[in-house]
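Structure first, then comments.
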Amino acid sequence: MPPAAKKAAPKKKAKAKAKAPAKKKAAAKSSNLEFKNFEPYKPKRGEKYMSEKQREHFRGILMNWKKELMQEVDRTVSHMKDEAANFPDPADRATQEEEFSLELRTRDRERKLIKKIDATMELIDQDDYGYCDACGIEIGIQRLEARPTATLCIDCKTLAEIKEKQELG
Ligand SMILES: [Zn+2]
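Its first residue numbered 27, the sequence shown is counted upward by one per residue in our numbering.
Right, here's the structure in full:
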């Protein structure tokens, strides 16, 4: 009976163990905040930027990405429900709470990302996708594949980051 054996494990050991997997899990989840599971688009010679085919390509990426994120959110919720009752010991509970707050932060990031993905799909529908919000130039297929929700070209993004750093001090 493996589940029973797991519960009977010594408590000290369980505590030491609990920290490492929490970090590992976070790393695994944050990789979901990027989406790599697609074939890079190869435009035909002379193909117009953001042709219907290209928009279809990015719509597909965004939809699959969203689906993955939503599954992840569901998994987090059911995981927390499953585990919530399992730790009567206060020390274990503290570790567990740490883990939960980490998961909640990740979930929060995922939710925000899902909203951003929705907004990006709207842009595609309005045929307004792929152009820099600040200067209006084409963001470019490669950059969009690396960051499908990008709304700034690489130059404007770099500039914005520099400004942000300066404002922070
Ligand atoms: Zn720009």
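C-beta: ideal position from N, C-alpha, C; glycine also.
Values in this document were obtained by computation on a predicted structure and should not be read as measured data.
Bounds of the alpha helix (DSSP H) holding Ser104 are Glu78 to Ala110. With respect to the 8 Å criterion, Leu59 and Arg135 are classified as neighbours on the basis of their beta carbons.
The secondary-structure analysis by DSSP pairs Glu164 across a beta bridge with Tyr157. At least one heavy atom of ligand 1 lies closer than 7 Å to the C-beta of Leu178. Within its own chain, the residues whose Cβ lies closer than 6 Å to the Cβ of Ile87, once the five positions on either side in sequence are excluded, are Phe64 and Pro174, listed in chain order. Under the DSSP assignment, Cys182 falls in the alpha helix (DSSP H) whose first and last residues are Ile180 to Leu194.
For Ile143, the Cβ stays outside the 7 Å cut-off from all heavy atoms of ligand 1.
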